[in-house]
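S.K.: This structure is in structure tokens; I'll ask about it shortly.
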Amino acid sequence: MTPVDFLYTELNAIAREFPQVHIKYDYNELIRTHIVVLLPLEEYRDNKALDDRWIPVSFRFQEIFPNQDIAFVSSDSTLDMDIPTMEWNKPVGALDVWNNIIYDSVTDQVLDYYFSTEISIDTVLIGPPIANMLSFPTLDLSQTHNTDSDYQAAA
Amino acid sequence: MTKPLLEKSRQSMLTAEMLLKDKFFAGTVNRAYYSCLQYVLHVLLEKLGHTREDLEKIPRDGTHNKAQYLLELSLVGKDKGAYKWIQQKLPEFKKERVIADYFGDPLDADRGQTAINMANAIMTTLRTHYK
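The structure is reproduced here in structure tokens:
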């Protein structure tokens, strides 16, 4: 078991037991230390049950991996990170909710639209210069079908 | 002086203050950090009665890591709040020291003063719990 495997298992369990606690993890290369951020600060500072859960994990980690360092911190720490490599219970902000409402329906429509990969020859527009180069029969624009309609029909 | 690590810690802090006065800010951070680490070792050896052999037996790599681990084991039984604070502040301080020693531009006076304040805060916390 690697240090990250161990932390994934333990932090996953803590995240299930404390769904209100946002947990972030990253490895700080500068000080070669595994950093776990527990948020919000009030939970980290005041939640005694949370203390009793993560403190033994920290000591066990250091016993199992003697050449690895770890620190549990919160938002008031200079070790907090913007882009964690693992994250649990990330809170959904009001802006995220609105974005989901607005864009989910649009996304559904786009995903429902099927683009055919097969195009019949009479739907291809060939202009005179290309036709001359390829010696290919010319098609008037008036002879062509409505391309969008063809795609719609294919969908 | 019969407590060599306490004296080393004191001298490191005095050096940090002199370096700050002379505007050698990276050196200030370095000495403040080591003043703190020397004080941790003083607590372990003089206040908690550990020996150098005890320290060597700790299943951690490096003197700093062994010392921090042993200190945290003791502190968590005395005061969880202090333990939580120390286990956060020591790595933060280490980060400042690594940046000061190896990375970035010459630091400013604020960074130097902050490092001295950090070292003093950590040592004051330890003094409170290990009289």
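Protein chains in written order, with the working numbering: chain A, -19 to 135; chain B, 141 to 271.
Even for Gly, the Cβ is constructed at its ideal location relative to N, Cα and C.
Small disclaimer: the values here were computed from a predicted structure and weren't measured.
Taking the alpha helix (DSSP H) that Asp201 (chain B) falls in, what are its first and last residues?
M.R.: In the second sequence, the residue the question calls residue 201 (chain B) occupies position 61. Unbroken run through Asp201 (chain B): none, as it is neither H nor E.
S.K.: Let me know if Phe243 (chain B) comes out buried or exposed under the rule of 16 or more other beta-carbons within 10 Å of its beta-carbon.
M.R.: The count along the second sequence starts at 1 and reaches residue 243 (chain B) at position 103. Exposed is the call here.
S.K.: Val(-16) (chain A) to Val16 (chain A), Cα distance in whole Å?
M.R.: Along the first sequence, read from residue 1 onward, the residue named residue -16 (chain A) stands at position 4. Along the first sequence, read from residue 1 onward, the residue named residue 16 (chain A) stands at position 36. Straight-line Cα distance between these residues: approximately 11 Å.
S.K.: If you draw a straight line from the C-alpha of Pro(-1) (chain A) to the C-alpha of Glu(-10) (chain A), how long is it?
M.R.: Position 19 of the first sequence, counted from the first residue, corresponds to residue -1 (chain A). Position 10 of the first sequence, counted from the first residue, corresponds to residue -10 (chain A). Taking the straight line joining both Cα atoms gives about 14 Å.
S.K.: Is the Cβ of Ile(-6) (chain A) closer than 8 Å to any Cβ of chain B?
M.R.: To locate residue -6 (chain A), count along the first sequence from 1; it is residue 14. No, Ile(-6) (chain A) lies away from the interface with chain B (no Cβ there is under 8 Å from its Cβ).
S.K.: Alpha carbon to alpha carbon, how far is Phe233 (chain B) from Glu23 (chain A)?
M.R.: The count along the second sequence starts at 1 and reaches residue 233 (chain B) at position 93. The count along the first sequence starts at 1 and reaches residue 23 (chain A) at position 43. Between Phe233 (chain B) and Glu23 (chain A), the C-alpha separation is close to 23 Å.
S.K.: Can you tell me the Cα-Cα spacing of Arg150 (chain B) and Lys206 (chain B), whole angstroms?
M.R.: Walking along the second sequence from the start, residue 150 (chain B) turns up at place 10. Walking along the second sequence from the start, residue 206 (chain B) turns up at place 66. About 22 Å.
S.K.: Anything in chain C within Cβ reach of Glu232 (chain B), meaning under 7 Å, just list it in chain order.
M.R.: In the structure shown, chain C does not exist; the protein chains are A and B.
S.K.: Which of the three DSSP states, helix, strand or coil, is assigned to Lys143 (chain B)?
M.R.: Start at 1 with the first residue of the second sequence, and residue 143 (chain B) comes out as number 3. Here Lys143 (chain B) sits in coil by DSSP.
S.K.: For Thr(-18) (chain A), report the span of its alpha helix (DSSP H) as first-last.
M.R.: In the first sequence, the residue the question calls residue -18 (chain A) occupies position 2. No alpha helix (DSSP H) contains Thr(-18) (chain A), which DSSP labels as neither H nor E.
S.K.: Indicate whether Thr155 (chain B) and Ile256 (chain B) have their beta-carbon atoms separated by less than 8 Å.
M.R.: Numbered from its first residue, the second sequence carries residue 155 (chain B) at position 15. Numbered from its first residue, the second sequence carries residue 256 (chain B) at position 116. For the pair Thr155 (chain B) and Ile256 (chain B), the CB atoms are not nearer than the 8 Å cut-off.
S.K.: Just checking, does the segment 33 to 43 of chain A make contact with the segment 184 to 191 of chain B on the three C-beta pairs under 8 Å criterion?
M.R.: no
S.K.: Apart from the five residues just before and just after Val104 (chain A), which ones in its own chain have a Cβ nearer than 6 Å to its Cβ?
M.R.: Numbered from 1 along the first sequence, position 124 holds the residue referred to as residue 104 (chain A). Note that Val104 (chain A) scores a pLDDT of 49, beneath 50, so its modelled location is shaky and nothing firm can be said.
S.K.: Using DSSP's beta-bridge definition, name the partner residues of Phe52 (chain A).
M.R.: Here residue 52 (chain A) refers to the residue found at position 72 when the first sequence is read from its first residue. A:Val16, per the DSSP bridge assignment.
S.K.: With C-beta atoms as the reference, is Lys251 (chain B) less than 8 Å away from Phe165 (chain B)?
M.R.: By one-based count along the second sequence, residue 251 (chain B) stands at place 111. By one-based count along the second sequence, residue 165 (chain B) stands at place 25. Sequence inspection shows Arg at residue 251 (chain B); the Lys mentioned does not correspond to that position. Yes, the pair counts as a contact, with Cβ atoms nearer than the cut-off.
S.K.: Please report the Cβ distance between Pro64 (chain A) and Lys4 (chain A), rounded to the nearest whole angstrom; I am assuming they are in contact, meaning their Cβ atoms lie under 8 Å.
M.R.: As a position in the first sequence, residue 64 (chain A) is number 84, starting the count at 1. As a position in the first sequence, residue 4 (chain A) is number 24, starting the count at 1. Correct: roughly 4 Å between the Cβ atoms.
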